Structures are given as structure tokens and as C-alpha cells.
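All the letters of the sequence shown, read from the start, carry residue numbers 1 to 472 under UniProt numbering.
Where a beta carbon is used, it is the ideal one built from N, C-alpha and C, also for glycine.
The model shown is predicted, which means the values in this text are computed figures rather than measured ones.
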Amino acid sequence: MRLVIDIAHRDDPATRIGPSRSFDRRGLRVGRGPANDVVLDDPTRVISGQHCLIDYDSGRFRLIDTSTNGSFVNDPRRPVPRETGHVVADGDRVFVGDYVLTLGLMPVPDEAPAPRPARPLHAAPKPAPRPNPGAAFSGGEPPATAFAFTPPRVARVEIPEDWDVDGRNVDGLMTAPENDPSDPPAPPIRRPPQPEQPPRRQPPGPPRDPEPIPVEDPEDVPLEDPVPIRDPEPLPDPDPDEDPEPYRDPPPRQTPPPSEYRLRDDRLYDAFLSGAGLTREQLPPSRAEEVLRIAGEVFRATARGLIETLSARAELKGEFRIERTTIKPRNNNPLKFSATPEEAMLAFLQPTLPAFSSGVKAVEQGFDDIAAHQIAMVRGLEAGLGVVIDTLSPEATERAVGPVGGLGAIVSTARKAALWDGYRRRHAEIRSRAEEDARSLFAEGFARGYATSHGGIPMQRATPAEGGEARR
Numbered sequence: 001m002r003l004v005i006d007i008a009h010r011d012d013p014a015t016r017i018g019p020s021r022s023f024d025r026r027g028l029r030v031g032r033g034p035a036n037d038v039v040l041d042d043p044t045r046v047i048s049g050q051h052c053l054i055d056y057d058s059g060r061f062r063l064i065d066t067s068t069n070g071s072f073v074n075d076p077r078r079p080v081p082r083e084t085g086h087v088v089a090d091g092d093r094v095f096v097g098d099y100v101l102t103l104g105l106m107p108v109p110d111e112a113p114a115p116r117p118a119r120p121l122h123a124a125p126k127p128a129p130r131p132n133p134g135a136a137f138s139g140g141e142p143p144a145t146a147f148a149f150t151p152p153r154v155a156r157v158e159i160p161e162d163w164d165v166d167g168r169n170v171d172g173l174m175t176a177p178e179n180d181p182s183d184p185p186a187p188p189i190r191r192p193p194q195p196e197q198p199p200r201r202q203p204p205g206p207p208r209d210p211e212p213i214p215v216e217d218p219e220d221v222p223l224e225d226p227v228p229i230r231d232p233e234p235l236p237d238p239d240p241d242e243d244p245e246p247y248r249d250p251p252p253r254q255t256p257p258p259s260e261y262r263l264r265d266d267r268l269y270d271a272f273l274s275g276a277g278l279t280r281e282q283l284p285p286s287r288a289e290e291v292l293r294i295a296g297e298v299f300r301a302t303a304r305g306l307i308e309t310l311s312a313r314a315e316l317k318g319e320f321r322i323e324r325t326t327i328k329p330r331n332n333n334p335l336k337f338s339a340t341p342e343e344a345m346l347a348f349l350q351p352t353l354p355a356f357s358s359g360v361k362a363v364e365q366g367f368d369d370i371a372a373h374q375i376a377m378v379r380g381l382e383a384g385l386g387v388v389i390d391t392l393s394p395e396a397t398e399r400a401v402g403p404v405g406g407l408g409a410i411v412s413t414a415r416k417a418a419l420w421d422g423y424r425r426r427h428a429e430i431r432s433r434a435e436e437d438a439r440s441l442f443a444e445g446f447a448r449g450y451a452t453s454h455g456g457i458p459m460q461r462a463t464p465a466e467g468g469e470a471r472r
């Protein structure tokens with residue numbers, strides 16, 4: 001199997017950067033460092049020195065993320081799982097920083113399967129053996145094999161070496177005699193005389209009965225006395241003193257009594273109600289099956305919503321070059337590093353995984369991060385708007401226009417007119433810049449305000465006993 005990589009910018013994925021690159025089974029490394037097999041230029045240093053690996057194992061290529069900011073496959077919001085990686089499929093797109101890597105798989109010629117042997121076109125099926133109608137009258141003897149006659153072998157006759165000892169020549173026997181003109185001509189061939197009318201056929205006489213064939217009387221052959229038929233010997237009577245072994249039923253299957261089933265179900269339902277903070281009066285056990293099904297659906301919807309929201313938060317931080325959450329050896333939030341809700345739910349319900357936080361802690365941390373993200377967004381917009389306002393301030397305009405010479409340096413009206421013209425030019429430049437890349441006008445201020453707000457006091461969640469709302 002051979003791996004083919006096409007590289008393009010994320011903003012223009014249709015335009016390929018450079019030629020396609022092909023790699024064999026040994027795998028490759030992708031990153032910013034010059035020692036990688038695929039080197040991606042990144043002055044902003046969002047791409048790690050060694051960002052990801054593509055390894056070949058058991059006939060498949062596997063993408064392994066080793067970066068700080070993450071690698072994403074087929075969706076900018078879908079990170080590659082750190083523990084298991086991603087099995088590469090033909091046509092996968094990998095998002096690395098501002099680049100998009102399209103992966104293709106091509107089979108090596110020697111790996112192509114050998115063609116199946118062609119079936120002969122003229123091979124006629126063997127006929128099924130036909131039944132022999134005379135087998136019943138021949139005592140079951142098998143019929144004669146077709147074409148069983150073997151022709152006699154003809155002995156080879158060779159000409160002896162002394163057949164022409166007398167010196168006679170037999171060449172004349174092989175040639176026809178030549179005609180001599182003095183010989184009389186041969187008499188003409190005469191046909192026998194033909195009668196004028198063909199003889200009449202005599203009408204056939206009446207058919208005569210064939211003479212009967214004499215049949216001799218058969219000799220009387222005395223028959224021997226047949227063998228007498230004997231009556232079968234009677235079976236011995238059973239011993240009346242011997243008692244037959246009684247039939248024993250198989251032992252019944254040991255099943256717990258219904259009361260034990262009910263006790264077990266009640267314990268499970270009580271455990272669910274205790275975790276949810278509810279009572280049997282609010283949700284009676286008669287609705288246990290319905291309640292548990294709805295709770296499972298809500299659990300999955302909550303995990304999916306938190307994963308999508310936290311993924312959008314991480315994408316926004318990446319757009320503004322804000323430091324994002326990185327994976328750690330322990331206590332990672334599965335909501336931030338799971339590609340699907342099922343992966344997150346399994347991590348919640350398996351506390352034996354030391355790399356992830358527990359289910360309750362992970363969900364509370366996810367909601368805290370979302371709340372802090374909303375506040376940081378407001379702070380970032382305020383800081384970014386302040387940068388734009390400062391750019392259009394009178395002081396910034398005077399610095400941009402510079403000193404006014406000539407009459408403007410003496411007359412105040414002329415100076416104000418020159419500054420106004422400079423402001424108009426500056427405003428046109430800023431507007432043109434905003435049309436090309438509006439984010440660059442306030443990106444620095446937004447990132448500074450977001451990071452300052454997000455690095456403050458974390459959210460304090462109220463306990464159930466205290467009640468009330470969460471506060472910073």
C-alpha cells in the first residue's frame with residue numbers, strides 16, 4: 001500500500017501547494033521542523049515541530065497526533081483521538097494549522113490479486129449414466145462397456161535386404177507400358193443387347209402361413225421337498241423379582257425467586273434516583289423503565305452538546321492565536337478530547353482510566369469553561385473595540401499625518417483642513433484593511449482581553465445544600 005499526500009491552504013483547499021507526495025509502508029512525520037518528511041512552513045508556530053505521525057501497521061496507515069494544538073480529521077472540530085489515533089481511509093482530510101492534507105491510498109502493483117483461471121469455454125459436461133433397462137433380467141450384471149472391441153494389431157512387415165539378389169529390376173513394374181503405333185487398335189466395347197420392353201413382374205401370390213415349429217413336451221423334473229419354516233423361539237420372561245429402575249426427572253434450573261429480582265431492580269432504581277437527587281414519590285418505580293430510557297437519551301444529548309460547544313470554543317481560540325487546552329498525563333476532560341458522544345460517555349462510566357477526569361467533575365468543568373468563555377468573549381470584544389477606537393483617535397491621526405508645513409503651520413484653519421484630509425485618507429485605508437481581513441484590526445486586543453479575563457478567578461459552583469447560582 002502506498003500513501004499519497006496533497007497539501008493545500010485551509011482558505012483555498014482547491015489549490016494544491018506543490019506536487020503530490022508519495023510514501024511507502026515505512027510511514028512519515030509531519031510538522032514544522034526541517035527533519036520531518038512533510039515540512040509545513042508556519043511563522044506563527046501554531047504547528048508543532050513534529051505535529052503528527054502516519055505509521056504503517058498490519059496493512060493499514062494510522063494517523064497519530066503528537067502536537068500541542070491538535071490535529072483534526074475530516075472536520076476542523078473533530079480532533080484525532082490521542083489514545084487510539086485514526087485509521088487512514090482513502091480521501092481523508094487532515095487539518096494541521098492553516099493547512100489541509102488530503103490523503104490517498106494506492107495499492108502497490110505486486111499486491112494486486114492474481115487473476116482467477118478462466119473457465120474453458122468448450123468443456124462439455126460429462127453425461128450422467130443412463131439406466132440399463134435390461135438389468136432386471138440379467139441378474140444385476142453390469143452392461144457391456146461401450147466400444148469394448150479392441151482391433152487386432154497388424155504385424156509390421158519389413159522388406160528383406162536380399163530381396164533383389166538376382167539383380168532383377170522391378171522399375172518397369174512401376175510404369176505403364178507405352179503405346180506402340182504398329183499395334184492394332186483395341187476393339188470397341190460393346191454393351192449387351194437390351195430388350196425393347198422390360199419383363200413384366202409377376203404379381204405376388206397370397207401369403208402363406210408359416211409351418212408350425214414342432215415343440216417337444218418338457219420332461220417332468222421332480223421337485224425337492226422345501227425346507228420347513230421354523231417358528232421363532234420365544235423370548236425369556238422377565239424376572240418378576242427384579243424391580244425396574246425408576247425414571248428420574250432432570251434437576252430443575254435454579255432461578256432466583258421473583259422477590260430477589262424485584263429487590264435487585266429496586267436497588268438499581270434507588271441508586272439512579274439517589275444520583276439524580278430525586279425520590280420515589282417524584283418518580284414511582286412503576287415508571288422505572290421509561291425514566292431510565294429518557295435519562296439515557298438526555299445523557300447522550302448532553303455529552304454531544306458539550307462536545308460541540310467546547311470544540312467551537314477551541315476553534316475560536318485557534319483563530320485568534322490564543323493558547324488552547326493541551327492533553328496532560330492525568331485528569332483530562334473527555335469532553336475536550338473525544339470525537340463522539342459514545343467515547344465521552346464510556347470515559348465517564350469507566351473510572352479506571354487515570355488519564356480522564358470522573359464523569360461529574362468533567363461535566364461541571366465543561367459548563368464552567370463555557371460560562372468563563374462567554375465572559376471572556378465580552379472582555380475580548382471590549383478590548384478589540386478599544387483598539388479600533390484608538391486607531392481612529394485624533395492623536396493617532398495627527399501622528400499618522402505628521403507635521404503640516406507651509407501655510408498650515410501658521411494658519412489654524414489651514415492646519416485643521418490638512419488634518420481632516422489626512423483623517424479621510426487614514427479612514428479609507430482602515431476600511432480597505434477591514435474588508436480584506438477585519439479580524440486583524442482587533443485580533444491583538446481581543447486576544448489580550450480574552451486571556452486576561454479567562455485567567456481570572458475560576459467559577460465557583462454552589463453545592464446543592466447552598467442553592468443559588470454559580471458565581472465567579
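For residue i, the residue or residues it bridges with in DSSP
i: ALA8; result: ARG16 and VAL100
i: TYR56; result: PHE61
i: LEU105; result: LEU3
i: residue 473; result: Since the first residue shown for the chain is 1 and the last is 472, residue 473 is missing from the structure and cannot be characterised.
i: PRO341; result: In the DSSP output, where bridge partners are listed per residue, PRO341 has none listed.
i: ASN332; result: PHE356
i: PHE72; result: PRO79 and PHE95
i: SER22; result: VAL4
i: VAL87; result: ARG62
Straight-line Cα distance separating residue j from residue i
i: ALA295; j: HIS373; result: 28 angstroms
i: GLY18; j: LEU316; result: 29 angstroms
i: VAL88; j: ASN69; result: 20 angstroms
i: LEU441; j: ASP92; result: 35 angstroms
i: GLU444; j: ILE430; result: 16 angstroms
i: ILE370; j: ALA376; result: 10 angstroms
i: residue 520; j: SER71; result: Look at the range of the chain in this structure, 1 to 472, and you will see that residue 520 is not part of it.
i: ARG424; j: LEU385; result: 20 angstroms
i: ALA8; j: PHE95; result: 10 angstroms
i: ALA417; j: GLU319; result: 40 angstroms
i: LEU67; j: GLU83; result: Sequence inspection shows Ser at residue 67; the Leu mentioned does not correspond to that position. Going from the Cα of SER67 to the Cα of GLU83 covers about 13 angstroms.
i: ASP6; j: GLY33; result: 19 angstroms
i: GLU289; j: ARG280; result: 14 angstroms
i: SER58; j: MET1; result: 11 angstroms
i: GLU395; j: ALA383; result: 19 angstroms
i: THR15; j: LEU40; result: 16 angstroms
i: SER20; j: ASP65; result: 22 angstroms
i: LEU349; j: ALA303; result: 12 angstroms
i: ARG60; j: ASP75; result: 21 angstroms
i: ARG102; j: GLU308; result: The residue asked about is misnamed: residue 102 is Thr in this sequence, not Arg. So the alpha carbons of these two residues sit roughly 24 angstroms apart.
i: ARG293; j: SER453; result: 40 angstroms
i: GLY277; j: GLU297; result: 18 angstroms
i: ILE389; j: THR397; result: 11 angstroms
i: VAL291; j: LEU283; result: 8 angstroms
i: ARG426; j: THR325; result: 39 angstroms
i: THR413; j: VAL387; result: 29 angstroms
Counted within 10 angstroms of its Cβ, other Cβ atoms place residue i as buried (16 or more) or exposed
i: SER393; result: exposed
i: ALA428; result: exposed
i: MET345; result: buried
i: VAL378; result: exposed
i: ALA339; result: buried
i: PRO341; result: buried
i: GLY139; result: Annotation note: pLDDT 47 at GLY139 (below 50); position unreliable, coordinate value reported separately. Flag for GLY139 reads exposed.
i: ARG313; result: buried
i: VAL100; result: buried
i: VAL73; result: buried
i: GLY275; result: exposed
i: ALA347; result: buried
i: VAL108; result: exposed
i: SER432; result: exposed
i: ILE47; result: buried
i: LEU306; result: buried
i: LEU310; result: buried
i: GLY402; result: exposed
Anticipated Cβ contact below 8 angstroms, residue i with residue j, distance rounded
i: GLY104; j: VAL4; result: 4 angstroms
i: LEU63; j: VAL80; result: 6 angstroms
i: ALA447; j: ARG321; result: 6 angstroms
i: ALA301; j: PRO329; result: Incorrect: roughly 31 angstroms between the Cβ atoms, too far for contact.
i: ALA451; j: GLY422; result: That belief does not hold up - the Cβ atoms of ALA451 and GLY422 are roughly 34 angstroms apart, past 8 angstroms.
7 angstroms Cβ cutoff, residue i in contact with chain D
i: VAL291; result: No chain D is part of this structure, which consists of one protein chain only.
Counting pairs of beta carbons, one from the segment 329–339 and one from the segment 363–374, are three or more of them closer than 8 angstroms? The segment 329–339 is in contact with the segment 363–374.
Does the pairing of the segment 21–28 with the segment 42–52 give three or more beta-carbon distances under 8 angstroms? No, the segment 21–28 is not in contact with the segment 42–52.
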